[in-house]
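Everything on this sheet refers to the single structure shown next.
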Amino acid sequence: MTETDANLTERFGAALLEIAAESIDHGLEKDAPLKVSSETFDHEITAPGASFVTLEITGNLRGCIGSATAWRPLVEDIAENAFATAFRDNRFSPLKPSEREHLDISLPILTPPQQMTFRFEDDLIAQLRPGEDGLLIADGPWKALFLPAVWENLSNPEDFLSHLKDKAGLLPGHWSDSFTAHRFGANAITLTAGGDIIPGKA
34 MTETDANLTE RFGAALLEIA AESIDHGLEK DAPLKVSSET FDHEITAPGA
84 SFVTLEITGN LRGCIGSATA WRPLVEDIAE NAFATAFRDN RFSPLKPSER
134 EHLDISLPIL TPPQQMTFRF EDDLIAQLRP GEDGLLIADG PWKALFLPAV
184 WENLSNPEDF LSHLKDKAGL LPGHWSDSFT AHRFGANAIT LTAGGDIIPG
234 KA
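Going letter by letter, the sequence shown gives residues 34 to 235 in this note's numbering.
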């Protein structure tokens with residue numbers, strides 16, 4: 034997947050959502066992710082790609098797990114992440130069969146991360162684009178990622194970065210010369226519990 038391929042979800046979104054849904058159903062039946070064969074899909078979605086899978090029930094988060102960088106075929110990444118989100122997110126109990134019919138499945142597909150260049154925290158904050166940038170920060174073993182959708186709840190760049198540091202296990206005022214940040218975009222598509230497919234930013 035390339036950053037310029039912004040219409041990937043438009044052309045293949047339905048097929049990718051079907052993989053995610055089938056992997057969740059397979060997990061309910063077999064307690065294992067769906068195994069997909071790259072040979073049965075278009076080459077554009079079997080190339081390495083990074084995805085997240087977000088599950089909601091009546092607007093409430095029910096799980097979110099994904100890949101920060103592309104390291105395996107996109108179709109495999111989606112199948113594995115869908116299963117992990119439904120059954121391995123340690124913030125929630127494993128998905129129950131009774132919840133399945135109420136599940137909204139959102140699938141953000143990430144663009145390749147771009148390393149940001151800055152000298153101080155204020156410089157980094159000034160470069161952030163609210164509503165557009167996903168952000169991956171790291172300092173030694175501490176790292177964390179926010180999808181662009183997080184801007185809906187944290188619209189101030191200072192708050193966005195502070196909460197992301199907290200997620201990484203760092204203090205809000207933490208700064209060091211080894212601190213790194215990568216930004217990325219995300220195109221998303223959602224399969225609602227009612228069966229509607231809705232495009233939108235992740």
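Idealized CB from N, CA, C, for every residue including glycine.
Keep in mind that this is a model prediction, so the values were computed, not measured.
Taking the C-beta atoms as reference points, A117 is found no nearer than 8 Å to A103. Per DSSP, T87 is one residue of the beta strand (DSSP E) stretching across A83 to I90. Under the 10 Å beta carbon count, I230 is surrounded by fewer than 16 other beta carbons and is classified as exposed.
Contact between the segment 42 to 56 and the segment 208 to 225 is present: three or more C-beta pairs spanning the two stretches fall below 8 Å. Straight across, the Cα-Cα distance linking T87 with S209 is about 32 Å. For R44, the enclosing alpha helix (DSSP H) has its first and last residue at L41 to K63.
Scanning its chain for C-beta atoms nearer than 6 Å, with the 5 sequence neighbours on each side dropped, one finds around I78 the residues F45, L107 and V108, in chain order. Taken in chain order, the complete beta strand (DSSP E) segments of 3 residues or longer contained in the segment 124 to 182 are 136 to 143, 167 to 172 and 175 to 179. Sixteen is the threshold: since fewer than 16 other Cβ atoms of the shown chains lie within 10 Å of the Cβ of D199, the residue is exposed.
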